[in-house]
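Heads up: the structure comes next, in structure tokens.
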Amino acid sequence: MKPVLTADEFRRVDKAYEGDLDVAMDRAGHAVALAAVRAGAGYGQRVAVLAGPGNNGGDGYVAARYLAERGAQITIHAFGDPGTPEARRAATLAKAAGVRVRNIGHPSDEDLVVEALFGGGVRDGIPDEVLPWLDSSAPVVAVDFPTGLDPNTGKVDDRAFRAVETVTFGSLKTGHVLGAGPDHCGVVTVADIGIDGGNPSMFVATEADTVRPPRHRKTHKWDVGAVMVVGGSAGLTGATVHTARGAIGFGAGSVAIATPDRPAVVANTVEFPTFELDEAVGHLDRFDVVVFGPGLADADFETAKPILEKSSRVVVDAGGLLPSVVELLESSGIESVLTPHAGEFARITGGSGGTYSVRALAEKTGGVVLLKGNPTRISDGGLPVLVTTGGPELATIGTGDVLSGMIGALMARGTRPAEAAVTAAYFHGVAGAELARKGPLTATALAGKIPEYAW
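Its first residue numbered 0, the sequence shown is counted upward by one per residue in numbering that gives the first Met the number 0.
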């Protein structure tokens, strides 16, 4: 897991740092220069470095010196004089290396902009002298945060720079991953400058945090996880089929569908056994996990409810996401993963679905909550985990059903609910991003892609 600190917490860590600040600034500026090279700042390329008066600007002066040594044509556009001892020394070294420094002007024909102004939000808005640079067509590399982006919340009040890459230091910050942060930061590179530590407020999942149980050579379909999908009311049967395909595609050995509209499900697929809702309870002992709610209409909820009440491990989605279900989970001891989108989250909590309210709902149910979105937020009652692999391509009907089936498959294969949620969301996003390279995706295509990531 990658720790994510609030910007305020990292400022506390930075302030307490007792090492050599000039060395730390040199490392930071070198990392920024490398990012600029990745963005195209090679020999002869015209690079404008926008340098603010603080240590963010000092990082820009250092980067300018390193880029000049590589043969780039550098102009530093200074917004005010350097205001810290470290930034003043960095500016002196840049000038001694022959780098041109001028008061901030207007963009012209730059090939690249290094934005080292303020490192995030500005209390009184972006200064007028800076505004023309927001309209520059040159790619931007930002230092710590693009100016205009709130470093704690990721909010943009008016306008902010959009970077192709943002270089930050020590750890990710909440503003990089929340709100508009991902859109404005581009690729975020965390550089080691010798300043680290602090108390994270959340984590970002990596592939190393995923768990995919292997299949052994000698095994049987009932040995590798059996999933029952409950839902598929009239007109909504496709949801259960997508869920079932998500489960079988992510490694479940057996998947069945319990539905109030059995003929329509059978007409949609011959892959999966089907049950009427009122007979499904009698088959529960054969299934490891129930995915409850895909395509389940309110009119059929009471008929399906006994299945939920008699289950021991459940994934609850869509039509199962009701306040009464939250109350049931609070008192039942059922092992659960809830998978709402923002609207469903509001329906069961009355809240907006912020990162920390996901944790509160998980604490209330005693299970895991996965709030679908960009990023996806997951909590088992502990610090939230963000999954950032997905993108807007997943905002398509049926993709959430595939995800609930994937989670069910992992739980049925013995994976702990929190690990199942993180793993499924991670590879759900990876598969979606891969498909999106070819154009808009469908839930059917997504379900067909995920077997590539099952183990």
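Where a beta carbon is used, it is the ideal one built from N, C-alpha and C, also for glycine.
It should be emphasised that the depicted structure is a prediction, and the values quoted were computed from it without experimental measurement.
E326 is the residue among T152, R26, E326 whose C-alpha sits nearest the C-alpha of T364. Across the structure, R88 and A141 are spaced so that their CA atoms are roughly 21 Å apart.
In the structure shown, I449 falls within a helical segment according to DSSP collapsed to helix, strand and coil. In this structure, V386 sits near Y425, with a CB-CB distance shorter than 9 Å.
Here T302 carries a helix assignment [DSSP, helix/strand/coil]. V113 sits close to A40, with the two beta carbons spaced by under 9 Å.
Ranked by how close their Cα comes to the Cα of V189, the residues S170, E278, A179, P199 have S170 in first place.
By the beta-carbon neighbour count (other beta carbons within 10 angstroms, threshold 16), V129 is buried. F286 sits in coil when the DSSP states are folded into three classes, being neither helix nor strand.
Beta-bridge pairing by DSSP links E164 to V140, V186. The three-state reading of DSSP puts R312 in strand, counting E and B together. Three or more pairs of CB atoms, one per stretch, sit closer than 8 Å, so the segment 223-237 contacts the segment 289-298.
The alpha carbon of E109 has as its nearest neighbour, out of L92, L402, T74, the alpha carbon of T74.
Per DSSP, the beta bridge partners of K1 are V203.
When DSSP states are grouped into helix, strand and coil, A225 belongs to the strand group. Just so you know, the alpha carbons of G250 and D284 end up roughly 20 Å apart.
Membership of F274 in the beta strand (DSSP E) is indicated by the continuous run 273-275. G43 and G70 have their C-alpha atoms some 6 Å from each other.
Partner residues in the beta bridge of F291, as assigned by DSSP, are V229, V315. Selection P383, A90, N151, E343 evaluated against G178 yields N151 as nearest (Cα-Cα). Looking from the CA of A442, the closest CA among T395, L92, A432, E418 belongs to T395. Judged by their CB atoms, T388 and V210 are not nearer to each other than the 9 Å cut-off.
In the structure shown, V367 falls within a strand segment according to DSSP collapsed to helix, strand and coil. In the same chain as A32, and ignoring 5 residues on each side of it, the C-beta atoms closer than 7 Å to its own belong to A62, Y65, L66, in chain order. Look at V31 here: in three-state DSSP terms it is helix.
Between A159 and P145, the beta carbon gap of about 5 Å places them in contact (Cβ cut-off 8 Å). The alpha-carbon of A38 is positioned some 27 Å away from that of A430. T338: not part of any alpha helix (DSSP H); DSSP gives it neither H nor E. Three or more beta-carbon pairs drawn from the segment 332-346 and the segment 403-413 are found closer than 8 Å, and the two stretches are therefore classed as touching. Rounded to whole angstroms, Y452 and A423 show a C-alpha spacing of 10 Å. A check of alpha carbon separations from I192 across F78, D143, R161 identifies D143 as the nearest.
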